Structure formats: structure tokens, C-alpha cells
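Following this note's numbering, the numbering of the sequence shown begins with 68 at its first residue and continues without gaps. A short write-up of the structure that comes next.
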Amino acid sequence: MKIVVIQGPNLNMLGVREQQVYGPMRLEQIHAQMKEVATQNGLEIEFYQSNLEGEIVDRIQECYGDADGIIINPAAYTHTSIAIRDAISAVNLPTIEVHISNIYRREEFRQKSMTAAVCTSSVIGFGPFGYHLAMVGMMQIFSEINAMRQAQAAAAQGSEGA
Ligand code: DQA
């Protein structure tokens with residue numbers, strides 16, 4: 068199964084930007100760790116970062132029919148983007164929203180997420196470790212989907228035999 072990881076604006080500056088908020092880890096290091104977990108668990112994974120809202124919308128749309136789940140940190144667009152919210156809703160895939168910082172302990176404008184309500188779940192405030200938690204969460208979602216598909220297949224076979 069395939070996960071696409073989508074990173075919003077300024078996350079390419081991790082390790083440089085506001086280290087007191089986001090820590091010293093660079094985005095490539097976070098992705099390398101995620102890749103390792105994916106490989107260990109036989110999952111495909113792709114990474115994408117953009118500073119542009121429309122490009123993020125395009126990348127979400129490309130997941131339709133291609134990916135099985137999305138892990139997304141829409142960054143500042145979390146708080147503003149109806150377009151990204153609509154794209155997540157449109158592709159209707161298991162989607163986990165990640166925030167490195169605890170947005171609910173920060174400025175008021177960060178305390179509202181436009182996107183959380185159309186995501187399956189959110190991981191907030193664990194630092195870069197949140198991406199690992201999102202991977203674990205996505206694997207749990209995948210195993211539930213697989214178990215459901217197997218049960219459906221078994222039920223269909225049972226009814227064929229009857
Ligand atoms: C962020 C929180 C956002 O408010 C901010 O604009 C970011 C990063 C986070 O991961 O904590 O760029 O999404």
C-alpha cells in the first residue's frame with residue numbers, strides 16, 4: 068500500500084526556521100526516518116513539499132486512484148485554505164494531519180484548522196516524532212481496511228457457495 072506525505076509552506080526550512088518551536092531536525096531527516104519505517108513494513112511512500120497552495124491541491128488530487136493514504140502538514144494553509152480542505156475531502160482517502168507544534172498553545176490565528184474536520188485524524192504537538200506517530204496510525208488504518216476487505220471477500224465467497 069502507498070502513503071503520500073505532503074508538506075506545506077516553509078517546512079522546507081525546518082532545522083533553520085524557529086528552532087525553539089520546530090526543533091533542529093531537517094525535513095530530509097524526517098523523511099529518511101519515515102522511509103525506513105515504510106521499507107520495514109513493506110509500504111510504498113512518496114514525499115512532496117510545496118510553498119504554493121495550488122500545487123498542494125494538485126498533489127492531493129493526484130493521490131486519487133494512486134495512493135491509499137495521505138499524511139499532510141498543510142502548515143500555514145491549515146488556517147486559511149478552503150481549497151486544500153476541499154481537495155482532501157474530494158479524494159476521500161484516509162488522511163492524517165500532522166502539526167509539529169501544538170497549534171492550540173500558540174497564537175489565536177493558529178488555533179483554527181480548516182482541514183482537520185475532513186481528515187481521518189490529527190497528530191499535534193509531538194515535534195517531528197508526530198510524523199512517526201502518523202505512520203503508525205496509518206498502518207493501523209491500513210490493517211483495519213485489509214481486515215474489512217478480507218471479511219467482505221470471505222462473505223462473498225460464502226454466499227457464492229450457498
Ligand atoms: C505548523 C503550524 C502552523 O501554524 C505553521 O504555520 C507551520 C507549521 C506545525 O507543524 O506546527 O508552518 O503546521
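Backbone N, C-alpha and C define an ideal beta-carbon position, used for all residues, glycine too. Bear in mind that the values here come from a model prediction, so they are computed numbers and not experimental data.
What did DSSP end up calling residue i once you bin it into helix, strand or coil?
{"i": "Glu122", "result": "helix"}
{"i": "Thr187", "result": "coil"}
{"i": "Tyr131", "result": "coil"}
{"i": "Val83", "result": "coil"}
{"i": "Gly136", "result": "strand"}
{"i": "Gln178", "result": "coil"}
{"i": "Phe196", "result": "helix"}
May I have the straight-line CA-CA distance separating residue i from residue j, to the nearest angstrom?
{"i": "Phe176", "j": "Glu103", "result": "35 Å"}
{"i": "Phe209", "j": "Gly192", "result": "24 Å"}
{"i": "Ile170", "j": "Glu111", "result": "30 Å"}
{"i": "Ile212", "j": "Gly121", "result": "30 Å"}
{"i": "Gln74", "j": "Gly225", "result": "44 Å"}
{"i": "Met205", "j": "Gly197", "result": "12 Å"}
Since residue i is in the alpha helix (DSSP H), which residue starts that stretch and which ends it?
{"i": "Glu95", "result": "94-107"}
By alpha-carbon positions, which one of the options ends up nearest to residue i?
{"i": "Val314", "options": "Met215, Ser188, Met206", "result": "The structure shown does not extend to residue 314, since the chain is modelled only from 68 to 229, so the question has no answer here."}
{"i": "Ile149", "options": "Ile97, Arg172, Gln219, Ala183", "result": "Ala183"}
{"i": "Val185", "options": "Asp153, Met92, Ala218", "result": "Asp153"}
{"i": "Met80", "options": "Gly90, Val71, Val72", "result": "Gly90"}
Which first and last residues belong to the beta strand (DSSP E) in which residue i is found?
{"i": "Tyr144", "result": "Careful: Tyr144 lies outside any beta strand (DSSP E) and carries neither H nor E."}
{"i": "Phe114", "result": "111-116"}
{"i": "Ile70", "result": "69-74"}
{"i": "Ile163", "result": "162-166"}
Cβ contact (3+ pairs, closer than 8 Å) linking the stretch 117-137 and the stretch 155-172: yes
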